[in-house]
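A.B. asks: Take any residue in the sequence shown, count from 1 to its spot, add 18: that is its number in this note's numbering.
By construction, the Cβ of each residue, glycine as well, lies at the ideal position given by its N, Cα and C atoms.
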Amino acid sequence: MKFKKVVSLTVATALVASLAVTAGSASAATKITPEKGAKLLLWDDKDSKPFWDKLIPQFQKKYGVTVKYQIVGGPDQDEKFAKDGPAGIAADVGVIPHDNLAKLVDAGLWLPNDVFAAETKANNIKAGVTAGTYKGVLYGYPKAIETYALFYNKKLVKTAPKTWNDIIALSKNKAIQDPAKKKFTFMAEVNNFYFDYAFMTAGGGYVFGKDGTDPSDIGLNNAGAVAGAKQLKALKAILPLKVGDITYDVKESLFQKGQLATNINGSWAISGYRKAGLDFGVTAIPAVNGKPTESFSGVKIVGVNSYSKYPKAARLLAQFATSADAQLLNYQTTGQLPTNSKVSANPAIKNDVIVQGFLQQLKTAQPMPSIAEMGSVWGPMGAALADIWDKDADPKTALDAAVKKIKNAIK
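Here you go:
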């Protein structure tokens with residue numbers, strides 16, 4: 019495999035075992051104080067609102083700094099920081115998926131995590147620290163780690179499926195599989211490369227060589243990637259819909275109504291399913307040709323705007339929002355998995371059977387490449403997968419064309 023497993027194995031180990039946390043005798047927070055009259059603007063996605071609703075009052079009480087929370091999705095923040103940062107109207111603190119870090123740093127839009135670097139490195143798992151680091155410099159404050167796995171409705175599926183043949187066998191049951199009544203055995207966003215990547219990795223597919231850092235080496239059309247695309251295509255036999263009809267919202271609605279037996283989704287969905295009262299389980303995505311699938315993993319990182327008028331207050335908020343107490347609160351309010359080693363060992367998390375399902379997947383998950391060239395991958399791969407599914411395109415031919423487009427875009 020072109021991606022080393024060290025980071026992912028560290029994630030799994032940290033989440034299932036108690037690790038010693040080497041914290042300094044005094045927090046670096048005692049070294050700085052917020053600027054007089056500091057007022058902060060924060061950007062994060064809507065799913066994190068329950069967390070911020072509880073955390074912001076705590077921060078304001080401790081530091082006397084007003085914080086305004088504005089909903090801006092993580093993937094959209096790089097463009098907004100680029101536009102609004104120099105204009106002085108961007109958020110002081112943002113929360114992004116780690117693969118967007120390179121864009122922000124290269125554009126000079128984020129400050130290094132300097133004051134709290136030692137604490138961040140000591141208290142968080144290696145995956146979190148690595149995700150927040152670019153060209154050897156720590157910029158991010160890790161907040162949560164996520165991947166995707168296979169959810170299953172326990173009322174329809176008694177035993178967690180281990181192979182794709184297990185899932186295909188379930189489709190023989192009319193109570194589970196009846197497209198005319200909008201009942202389906204399996205769904206995933208089949209033209210979304212983020213999710214489909216897991217199929218391609220089992221046989222040796224990869225995005226970029228050298229642990230995702232070498233864009234001159236692309237492995238998305240090698241034999242392993244092609245085999246994975248063929249496995250995905252074979253599932254159309256039990257999911258006879260066009261990609262345009264298999265949207266995230268469609269499958270979420272069906273799963274919550276009990277009309278979908280198995281569903282590939284991310285750890286961010288846990289909270290919503292629990293609130294809906296679903297009886298569900300989570301297990302690793304079934305193997306492809308007997309080989310484990312390797313999903314993408316991502317880390318949500320907090321960062322400070324380099325154009326902030328209040329960089330000290332912003333640093334304090336970034337640290338406060340990613341402390342051990344904050345990460346536990348984040349897990350309790352949103353279900354997001356912590357990167358803090360001490361929190362990962364909390365009994366509430368260790369004994370959570372749903373979390374254990376994600377731990378299975380995290381054992382082989384690969385961190386998404388964070389280099390800027392990754393932005394050239396999503397469109398061509400999504401289009402190729404849609405052609406394979408909808409137009410019965412030959413997987414090898416479609417992937418060859420996608421890789422050619424990616425290379426041209428990078429040039």
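1. May I have a chain-ordered list of the alpha helix (DSSP H) segments no shorter than 4 residues that lie completely inside the stretch 54-90?
2. Out of G223, N141 and D418, state which residue places its alpha-carbon closest to the alpha-carbon of K360.
3. Answer yes or no: do K201 and Q274 have a C-beta to C-beta separation smaller than 8 Å?
4. Along the alpha helix (DSSP H) that carries G290, what are the first and last residues, could you check?
5. Contact between the stretch 165-172 and the stretch 371-385: three or more CB pairs below 8 Å?
6. Assuming F298 contacts K192 under a Cβ cut-off of 8 Å, what Cβ separation, rounded to an integer in Å, is found between them?
7. Return the chain-ordered list of same chain residues with a C-beta closer than 8 Å to the C-beta of P385, the five sequence neighbours on each side being excluded.
8. Taking A332 as the reference, give the member of F99, Q354, A109 and Q76 with the closest Cα.
9. For the stretch 88-162, which segments carrying the beta strand (DSSP E) assignment without a break, of at least 3 residues, lie completely within its bounds, in sequence order?
10. Need the endpoints of the beta strand (DSSP E) that L278 sits in, please.
11. Can you have a look at D214 and say buried or exposed, based on whether 16 or more other CB atoms are within 10 angstroms of its CB?
12. Can you tell me where the beta strand (DSSP E) holding I319 begins and where it ends?
13. Can you tell me the Cα-Cα spacing of I307 and A243, whole angstroms?
14. Below 8 Å on the Cβ atoms is my guess for K269 versus M205; work out the distance and round it to an integer in Å.
15. Going by alpha carbons, who is nearest to V123 out of Q374, S324, K422 and Q350?
16. CA-CA distance, P233 and N426?
17. Give the DSSP-derived three-state secondary structure of L168 in the structure shown.
18. Near K72, which residues of its chain fall below 7 Å by C-beta distance, leaving aside the five closest residues on each side in sequence?
19. Tell me whether L355 sits in a helix, a strand or coil according to DSSP, three-state version.
20. Give every residue of the same chain whose Cβ lies closer than 6 Å to the Cβ of V261, excluding the five residues on either side of it in the sequence, and list them in chain order.
21. Name the residue from K139, T181, L257 and G223 whose alpha carbon lies nearest to the alpha carbon of D196.
22. So, at 6 Å on beta carbons, what are the nonlocal neighbours of W70 in its own chain, with the 5 sequence-adjacent residues on each side left out?
23. Which same chain residues, not among the five before or five after L238, have their C-beta less than 8 Å away from its C-beta?
24. Shortest alpha-carbon distance to K199 belongs to which of L272, K161 and W286?
C.D. replies: Judging by the given coordinates:
1. 67-81
2. Here residue 360 refers to the residue found at position 342 of the sequence shown. For the residues G223, N141 and D418, the minimum Cα distance to K360 belongs to N141.
3. Mapped onto the sequence shown, residue 201 falls at position 183. Mapped onto the sequence shown, residue 274 falls at position 256. It is not a contact, given that the beta carbons lie outside the stated cut-off.
4. Residue mapping note: residue 290 aligns to position 272 of the sequence shown, counting from 1. Segment I288 to K293, the alpha helix (DSSP H) holding G290.
5. yes
6. Within the sequence shown, residue 298 is the residue found at index 280, counting from 1. Within the sequence shown, residue 192 is the residue found at index 174, counting from 1. Their Cβ separation, rounded to whole angstroms, is 22 Å, which puts F298 and K192 out of contact at 8 Å.
7. Taking the first residue of the sequence shown as 1, we reach residue 385 at position 367. The answer, listed in chain order, is F21, V25, S26, H116, A145, T148, A149, G230, F314, S315, G316 and V317.
8. By one-based count along the sequence shown, residue 332 stands at place 314. Per the Cα distances, A109.
9. 111-115
10. For this step, residue 278 is matched to residue 260 along the sequence shown. It spans L278 to G284 - the beta strand (DSSP E) in which L278 sits, taken as one unbroken run.
11. If you number the sequence shown from 1, residue 214 lands on position 196. Its Cβ being crowded by 16 or more others within 10 Å, D214 is buried.
12. As a first step, residue 319 is located in the sequence shown; it is residue number 301 there, counting from the start. Here the beta strand (DSSP E) through I319 covers F314 to N323.
13. Locating residue 307 in the sequence shown gives position 289, where the first residue counts as 1. Locating residue 243 in the sequence shown gives position 225, where the first residue counts as 1. Inspection of the sequence shows that residue 307 is occupied by Asn rather than by Ile. Their Cα atoms are separated by approximately 12 Å.
14. Looking up residue 269 in the sequence shown gives position 251. Looking up residue 205 in the sequence shown gives position 187. Contact flag correct, Cβ pair sits at about 4 Å.
15. Translated into positions along the sequence shown, residue 123 becomes position 105. Considering only alpha carbons, the answer is S324.
16. Position 215 of the sequence shown, counted from the start, is the residue given in the question as residue 233. Position 408 of the sequence shown, counted from the start, is the residue given in the question as residue 426. Cα-Cα distance, rounded: 11 Å.
17. The residue given as residue 168 occupies position 150 in the sequence shown. Of the three classes helix, strand and coil, the one that applies to L168 here is strand, per DSSP.
18. In the sequence shown, the residue the question calls residue 72 occupies position 54. If we look at K72 and ignore the five residues flanking it on each side, its Cβ neighbours are L347 and T351.
19. Looking up residue 355 in the sequence shown gives position 337. DSSP places L355 in strand when its eight states are reduced to three.
20. Position 243 of the sequence shown holds residue 261. Within the same chain, V261 has close Cβ partners V208, N209, A404, W407 and D408.
21. The count along the sequence shown starts at 1 and reaches residue 196 at position 178. Ranking K139, T181, L257 and G223 by Cα distance to D196 puts L257 first.
22. The residue labelled residue 70 in the question sits at position 52 within the sequence shown. Contacts found: Y87.
23. Within the sequence shown, residue 238 is the residue found at index 220, counting from 1. Correct list, in chain order: M218, G223, Y224, V225, V395, M399, L417, A420, V421 and I424.
24. Residue numbering aside, residue 199 sits at position 181 when the sequence shown is read from its first letter. Residue L272 is the option with its Cα nearest to K199.
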